[in-house]
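See below for the structure under consideration.
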Amino acid sequence: MLGKLLGSLNKERVLIYLVARERGYAREIARFFEAPLNPLQKAMDGLEQAGVLVSNEIGTTRQYEFNPRYPLRAELLAMLEKALQLYPEALRAKLQVSRSRPRRKGKPL
Numbered sequence: 001m002l003g004k005l006l007g008s009l010n011k012e013r014v015l016i017y018l019v020a021r022e023r024g025y026a027r028e029i030a031r032f033f034e035a036p037l038n039p040l041q042k043a044m045d046g047l048e049q050a051g052v053l054v055s056n057e058i059g060t061t062r063q064y065e066f067n068p069r070y071p072l073r074a075e076l077l078a079m080l081e082k083a084l085q086l087y088p089e090a091l092r093a094k095l096q097v098s099r100s101r102p103r104r105k106g107k108p109l
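The opening position of the sequence shown corresponds to residue 1 in UniProt numbering, with each subsequent residue numbered one higher.
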């Protein structure tokens with residue numbers, strides 16, 4: 001949907017994922033969209049060099065999130081949230097479920 005505006009489908013995937021989950025790393029996004037890892041990493045690097053994203057190393061993993069100091073952050077987030085509402089309901093629901101580690105056996109929900 002926004003791929004042509006942003007320059008690539010991979011940039012769209014990265015930004016939509018981050019607007020839904022606030023932060024993420026390249027392999028996680030690649031698995032979610034069932035996409036190749038290398039083009040997503042290049043898109044994330046480009047967005048970081050442009051100042052849109054910032055990254056932090058957690059162990060050996062580089063985790064990305066929106067740069068709070070990016071001047072057009074509010075406008076970009078508003079556009080991405082609007083675009084996210086136009087995605088199919090199944091994809092939106094899948095994006096909002098974020099379980100990063102397994103639950104302990106017998107633990108109540």
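Here a beta-carbon is modelled for each residue, glycine too, at the ideal position from N, C-alpha and C. All values derive from a computational prediction rather than experimental measurement.
Start-to-end residues for the beta strand (DSSP E) that takes in residue i
{"i": "residue 53", "result": "53 to 58"}
Sequence-distant residues of its chain with Cβ nearer than 7 angstroms to residue i (five each side left out)
{"i": "residue 33", "result": "13"}
{"i": "residue 47", "result": "11, 14 and 53"}
Sequence-distant residues of its chain with Cβ nearer than 6 angstroms to residue i (five each side left out)
{"i": "residue 64", "result": "44, 53 and 55"}
{"i": "residue 40", "result": "10, 26, 29 and 30"}
Pairwise C-alpha distance: residue j and residue i
{"i": "residue 49", "j": "residue 10", "result": "16 angstroms"}
{"i": "residue 24", "j": "residue 85", "result": "20 angstroms"}
{"i": "residue 69", "j": "residue 106", "result": "43 angstroms"}
{"i": "residue 94", "j": "residue 28", "result": "13 angstroms"}
N- and C-terminal bounds of the alpha helix (DSSP H) containing residue i
{"i": "residue 17", "result": "9 to 21"}
{"i": "residue 48", "result": "37 to 49"}
{"i": "residue 107", "result": "Per DSSP, residue 107 belongs to no alpha helix (DSSP H) and is neither H nor E."}
is_contact[residue i, chain C] using C-beta, thresh 8 angstroms
{"i": "residue 67", "result": "The chain labelled as chain C is not found in the depicted structure, where only one protein chain is given."}
Proximal residues to residue i (C-beta, below 8 angstroms), its chain only, five neighbours per side dropped
{"i": "residue 36", "result": "30"}
Inset, instruction - Assess, as a yes-or-no matter, whether the region 64 to 81 is touched by the region 14 to 33 under the definition of 3 or more beta carbon pairs within less than 8 angstroms. - result: Output reads yes: the region 64 to 81 touches the region 14 to 33.
Inset, instruction - Return the chain-ordered ranges of every alpha helix (DSSP H) run that is complete within the region 67 to 96 and spans a minimum of 4 residues. - result: Within the region 67 to 96, the complete alpha helix (DSSP H) runs of at least 4 residues are 73 to 85 and 89 to 96.
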